[in-house]
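Data block below; observations after.
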Amino acid sequence: MWRAFLANLEKSFIEFKRYYFNSISGIATFLIFFYLLFLGVKTIGGPTVDSSSTLDGIIVGYFMWVMFISSFQGVAWGIIEEAQRGTLEQIFTSPIAFEYQMFFRMISDFLFNVLFSIPLMYFAAFTTGRRIGFDLPTLIYLMVAGTMSALGIGMVLGGIALIFKRISSFIQIVTIGSLSFTMFETSSLWHRTLPMSQASYMMRALAIDGTKLHQSSLSDHVILWLVALVYLSIGFLVFRLFERRATITGSLSQY
Amino acid sequence: MIEVIDLVKTYPKRGSQEKIKAVDRVSFEVKSAEIFALLGPNGAGKTTTIKSVCGLIVPDSGEIRIKGFSVLKERSRALAQMSAVLEGNRNLYWRMTVLENMKYFSGIRGKKLTRSRAMEILETLGLEEKANQLVHSLSRGMQQKAAIAVCLACDTDILLLDEPTLGLDVHSAVEFRSILKSLKQQGKTILLSSHDMNLVEAVADRVAIMNKGRIVVCEEKRKLMDVFSARAYRIKLICDERAMNRLKQLGFDGWVEDGNLIELQVNLDSSQRLYELMDAFKSNNIEVESIEKEMVNFEKIFISYTSETNVR
Numbered sequence: 055m056w057r058a059f060l061a062n063l064e065k066s067f068i069e070f071k072r073y074y075f076n077s078i079s080g081i082a083t084f085l086i087f088f089y090l091l092f093l094g095v096k097t098i099g100g101p102t103v104d105s106s107s108t109l110d111g112i113i114v115g116y117f118m119w120v121m122f123i124s125s126f127q128g129v130a131w132g133i134i135e136e137a138q139r140g141t142l143e144q145i146f147t148s149p150i151a152f153e154y155q156m157f158f159r160m161i162s163d164f165l166f167n168v169l170f171s172i173p174l175m176y177f178a179a180f181t182t183g184r185r186i187g188f189d190l191p192t193l194i195y196l197m198v199a200g201t202m203s204a205l206g207i208g209m210v211l212g213g214i215a216l217i218f219k220r221i222s223s224f225i226q227i228v229t230i231g232s233l234s235f236t237m238f239e240t241s242s243l244w245h246r247t248l249p250m251s252q253a254s255y256m257m258r259a260l261a262i263d264g265t266k267l268h269q270s271s272l273s274d275h276v277i278l279w280l281v282a283l284v285y286l287s288i289g290f291l292v293f294r295l296f297e298r299r300a301t302i303t304g305s306l307s308q309y
Numbered sequence: 030m031i032e033v034i035d036l037v038k039t040y041p042k043r044g045s046q047e048k049i050k051a052v053d054r055v056s057f058e059v060k061s062a063e064i065f066a067l068l069g070p071n072g073a074g075k076t077t078t079i080k081s082v083c084g085l086i087v088p089d090s091g092e093i094r095i096k097g098f099s100v101l102k103e104r105s106r107a108l109a110q111m112s113a114v115l116e117g118n119r120n121l122y123w124r125m126t127v128l129e130n131m132k133y134f135s136g137i138r139g140k141k142l143t144r145s146r147a148m149e150i151l152e153t154l155g156l157e158e159k160a161n162q163l164v165h166s167l168s169r170g171m172q173q174k175a176a177i178a179v180c181l182a183c184d185t186d187i188l189l190l191d192e193p194t195l196g197l198d199v200h201s202a203v204e205f206r207s208i209l210k211s212l213k214q215q216g217k218t219i220l221l222s223s224h225d226m227n228l229v230e231a232v233a234d235r236v237a238i239m240n241k242g243r244i245v246v247c248e249e250k251r252k253l254m255d256v257f258s259a260r261a262y263r264i265k266l267i268c269d270e271r272a273m274n275r276l277k278q279l280g281f282d283g284w285v286e287d288g289n290l291i292e293l294q295v296n297l298d299s300s301q302r303l304y305e306l307m308d309a310f311k312s313n314n315i316e317v318e319s320i321e322k323e324m325v326n327f328e329k330i331f332i333s334y335t336s337e338t339n340v341r
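Protein sequence lines, in the order shown, are assigned to chains A and B.
Okay, so the first sequence: first residue is 55 according to this note's numbering, each after it adds one.
Okay, so the second sequence: first residue is 30 according to this note's numbering, each after it adds one.
This is the structure in structure tokens:
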């Protein structure tokens with residue numbers, strides 16, 4: 055298992071280097087969208103925008119949304135790409151189950167996202183004159199727990215991609231839909247049970263109110279991990295069902 | 030090493046309730062250190078069979094065992110015993126080097142591939158100078174060899190090759206045959222599916238000819254060749270049209286006209302048939318110029334079996 059994880063991590067790194075134009079344009083897009091969003095809210099809202107909460111909330115919300123979409127899109131696009139290349143079946147012949155391979159790849163992608171997006175978030179905050187009020191361990195703690203639920207959604211989409219292959223429109227719908235539970239603030243319980251919402255909620259509280267992680271209530275942490283585990287489990291379960299279906303219909307490599 | 034027992038796989042026919050039988054009660058066994066070929070026309074069920082062996086397709090019924098492990102019930106242990114090249118050069122990441130591909134695919138199987146072992150494999154395939162080249166920059170033949178290198182990097186005794194010479198030029202195909210022979214000498218067990226007669230004729234120990242989802246014949250290649258070469262004759266005759274028509278009436282077909290000579294290509298599956306032919310020559314005053322036992326190639330055996338309706 056460990057070797058399989060390392061192999062996937064190394065492959066992510068190799069592809070990041072080899073497709074450097076795509077990697078750099080991804081980073082540029084991340085920043086451009088952020089500045090457009092930030093300036094848009096500032097311009098439209100004018101003096102009515104409460105600079106100490108709304109603008110900081112946008113930084114955190116945008117950052118969490120990008121983390122969310124890059125996590126769940128990674129596995130879905132990954133499967134589509136593998137099917138197009140013809141390597142999907144080759145990975146399936148490994149004695150280590152395919153869902154684990156995808157999971158390892160998502161963790162690898164997550165590590166790369168963390169590596170690049172954290173400095174970018176601080177950079178974005180700095181260039182817009184804001185100050186992010188929490189430390190790195192807190193940030194990583196919330197990102198890990200939050201991203202787990204995103205990975206679960208990614209596994210569901212990946213499973214759908216195994217059967218239907220072309221699901222880009224559906225991915226776009228989920229991408230836009232995910233804005234609602236990562237960028238907009240709400241404290242209602244049902245909203246916080248949506249994937250990544252609780253992590254966004256806690257991160258926003260930490261960033262805006264200056265709350266320390268240990269000051270968060272136990273129920274906040276319980277909801278955070280429960281949501282993460284439930285979505286991840288659902289993701290694995292649904293993926294296995296679709297995977298089984300694809301092997302019965304023989305549609306693994308039919309792109 | 031590989032046992033396939035009563036394998037059945039059906040697919041629903043698009044737009045109807047009907048089902049198409051892709052594989053119908055297929056059984057065979059691949060022994061240790063042999064090259065076993067599944068030969069058949071397009072749509073014969075070769076790929077479905079080989080993908081079922083790899084665990085990529087779940088059959089409707091039947092059993093597949095690799096070194097005693099059931100692919101359906103002990104998938105992980107069964108798959109650990111073999112590696113496969115399923116779509117030739119499409120199996121590789123084209124924007125990664127040969128070495129990177131080898132490391133990745135052995136890694137995802139939980140195996141560590143040292144550089145020295147990788148270079149050793151590449152040397153046996155004559156690819157050592159291409160180790161650090163991106164796969165997309167290699168020729169089609171080299172890519173195919175790289176796919177084999179990846180397969181060998183997984184360090185298993187059993188190799189599954191689906192249409193391994195598809196798209197290769199003549200030189201690459203010939204080279205590929207010698208690679209397979211050397212792998213067999215190293216003790217590898219190889220199950221290959223192909224419709225490349227030359228490949229099968231050159232490398233296979235045993236052959237299963239498939240047609241319409243069923244195995245038509247499963248036999249040692251040498252025996253198949255012997256059976257057919259024992260029957261096939263090329264007889265050159267000097268005769269007129271009337272005599273020729275008389276022979277046609279007796280059911281001897283396969284006439285080729287060559288100037289004054291007439292050639293009869295005939296399969297004589299019993300001594301009785303030979304006597305009948307000789308009697309016909311004598312009674313019609315047909316002069317026999319020469320009789321040659323025909324050289325049999327696998328193409329003829331294949332066409333003979335796949336055009337017959339009887340299946341096992």
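Built from N, CA and C at the ideal position, the CB exists for glycine as well.
* Can you find at least 3 beta carbon pairs, one from the segment 68-77 of chain B and one from the segment 89-96 of chain B, that sit closer than 8 Å? -> Too few Cβ pairs lie closer than 8 Å, so no.
* To do: Just grab the DSSP bridge partners of B/Pro41 for me.
  => Paired residues: B/Lys48.
* Smallest Cα separation from A/Ile134: which of A/Ala215, A/Met256 and A/Asp274? -> It is A/Ala215 whose Cα lies nearest to the Cα of A/Ile134.
* **Residue range of the beta strand (DSSP E) that includes B/Gln294** => Counting along the chain, B/Gln294 sits inside the beta strand (DSSP E) bounded by residues Leu290 to Asn296.
* To do: Take A/Thr301 and list the residues in its own chain whose beta-carbon comes closer than 6 Å to its own, dropping the five residues that flank it on each side.
  => The beta carbon of A/Thr301 sits closer than 6 Å to none of the beta carbons in its chain outside the five residues before and after it.
* Asked: If we count Cβ pairs, one from each stretch, closer than 8 Å, do we get three or more for the segment 153-173 of chain A versus the segment 109-129 of chain A?
  -> The segment 153-173 of chain A, when compared against the segment 109-129 of chain A, does touch it at the 8 Å Cβ threshold.
* Asked: Alpha carbon to alpha carbon, how far is B/Met148 from B/Val229?
  -> Spanning the alpha carbons of B/Met148 and B/Val229 requires a straight line of approximately 29 Å.
* Asked: Quick one, which of B/Asp89, B/Ala66, B/Thr78 and B/Asp53 has its alpha-carbon nearest A/Arg299's?
  -> Closest option to A/Arg299, Cα to Cα, is B/Asp89.
* Under 8 Å by Cβ, that's how I've got B/Leu221 and B/Cys83 pegged, so tell me the actual separation to the nearest angstrom. => Incorrect: roughly 13 Å between the Cβ atoms, too far for contact.
* Does the beta carbon of B/Glu321 sit closer than 7 Å to a beta carbon anywhere in chain A? -> Judged by the 7 Å Cβ criterion, B/Glu321 is not in contact with chain A.
* **7 Å Cβ cut-off: residues of chain A touching B/Val87** => For B/Val87, the C-beta contacts it makes with chain A under 7 Å involve Thr301 and Ile302, in order along the chain.
* To do: Verify whether the separation of the beta carbon atoms of B/Ser61 and B/Thr218 is less than 7 Å.
  => Yes, the Cβ-Cβ distance between B/Ser61 and B/Thr218 is below 7 Å.
* Asked: Which of the residues in the segment 132-156 of chain A, read from start to end, lie with their CB under 8 Å from any CB of chain B?
  -> If you check each beta-carbon in the segment 132-156 of chain A against every beta-carbon of chain B, the ones closer than 8 Å belong to Arg139, Gly140, Thr141, Glu143, Gln144, Ile145, Phe146, Thr147, Ser148, Pro149, Ile150, Ala151 and Gln155.
* Cβ neighbour criterion (16 or more within 10 Å) applied to A/Gly316 -> Absent from the structure is residue 316 of chain A, since the part of chain A shown begins at 55 and ends at 309.
* To do: Verify the CB distance criterion: does A/Lys65 have a CB-CB separation below 7 Å to chain B?
  => Judged by the 7 Å Cβ criterion, A/Lys65 is in contact with chain B.
* Counting only runs that start and end within the segment 108-188 of chain B, where is the alpha helix (DSSP H) found for 4 or more residues in a row? -> If we require 4 residues or more, the alpha helix (DSSP H) runs fully inside the segment 108-188 of chain B come out as 127-136, 144-153 and 169-182.
* Can you tell me which of the three DSSP states B/Gly91 falls into? => Reduced to three states, the DSSP call for B/Gly91 is strand.
* To do: Indicate whether at least one CB of chain A lies closer than 7 Å to the CB of B/Asn339.
  => Annotation note: pLDDT 44 at B/Asn339 (below 50); position unreliable, coordinate value reported separately. Not one chain A Cβ lies under 7 Å of B/Asn339.
* Quick one: does B/Met131 have its CB under 7 Å from some CB of chain A? -> No, B/Met131 lies away from the interface with chain A (no Cβ there is under 7 Å from its Cβ).
* Give the range of the alpha helix (DSSP H) segment to which A/Thr303 is assigned. => A/Thr303 -> alpha helix (DSSP H) spans Leu272 to Thr303.
* Would you list, in chain order, the members of the segment 133-146 of chain B that have their beta-carbon closer than 9 Å to a beta-carbon of chain A? => Result list: Tyr133, Phe134, Ser135, Gly136, Ile137, Arg138, Gly139, Lys140 and Lys141.
* Asked: In the DSSP assignment, what residue or residues form a beta bridge with B/Val59?
  -> Beta-bridge partners of B/Val59 (DSSP): B/Ile31.
* Asked: Is the Cβ of B/Asn296 closer than 7 Å to any Cβ of chain A?
  -> With 7 Å as the cut-off, B/Asn296 does not count as an interface residue toward chain A.
* **Within chain A, the residues that B/Thr194 reaches when beta carbons sit closer than 8 Å** => Chain A residues near B/Thr194: none, gap ~17 Å exceeds 8 Å.
* Consider the Cβ of B/Arg43: report whether some Cβ of chain A lies at a distance smaller than 7 Å. => No, because no Cβ of chain A sits closer than 7 Å to the Cβ of B/Arg43.
* Beta-ladder partner(s) of B/Cys342, from DSSP -> This structure cannot speak to residue 342 of chain B, because chain B is shown only from 30 to 341.
* Are there 16 or more other CB atoms within 10 angstroms of the CB of B/Lys38, so buried, or fewer, so exposed? -> With 16 or more Cβ atoms within 10 Å of its Cβ, B/Lys38 is classed as buried.
* **Contacting residues, own chain, Cβ-Cβ under 7 Å from B/Thr338 (five flanking each side not counted)** => Unreliable positioning characterises B/Thr338 in this predicted model, as indicated by a pLDDT of 46, which lies under 50. The coordinate reading is nonetheless provided below. Cβ-Cβ distances below 7 Å link B/Thr338 to nothing in the same chain once the five nearest sequence neighbours on each side are left out.
* Asked: When DSSP labels each residue in this structure, what does A/Ala151 get in the three-state scheme?
  -> In this structure, A/Ala151 counts as coil in the three-state DSSP scheme.
* To do: Quick one: using the 10 Å Cβ neighbour count with 16 as the cut-off for buried, is B/Met307 buried or exposed?
  => It counts as exposed.
* **Cβ separation of B/Ile315 and B/Cys268, assumed to be a contact under 8 Å, to the nearest whole Å** => Contact between B/Ile315 and B/Cys268 is confirmed by a C-beta separation of about 4 Å, below the 8 Å threshold.
* Can you name the residues of chain A whose CB is closer than 7 Å to the CB of B/Leu115? -> Under the 7 Å cutoff, chain A gives Glu143 and Gln144.
* Leaving aside the five residues before and after B/Lys200 along the sequence, list all residues of the same chain whose C-beta is less than 8 Å from its C-beta, in chain order. => In the sequence on display, residue 200 of chain B carries His and not Lys. Only Gly170 meet the Cβ criterion.
* **B/Ser105 at chain A interface by Cβ criterion, 7 Å** => Under the Cβ criterion of 7 Å, B/Ser105 is counted among the residues facing chain A.
* Could you check which residue in B/Leu121, B/Ala107, B/Ile208 and B/Lys80 has the C-alpha nearest to that of A/Pro149? => Comparing Cα-Cα distances from A/Pro149 to each of B/Leu121, B/Ala107, B/Ile208 and B/Lys80, the minimum goes to B/Ala107.
* Asked: Is B/Ala178 close to chain A, meaning its C-beta is less than 7 Å from at least one C-beta of that chain?
  -> No - not a single Cβ of chain A is within 7 Å of the one on B/Ala178.
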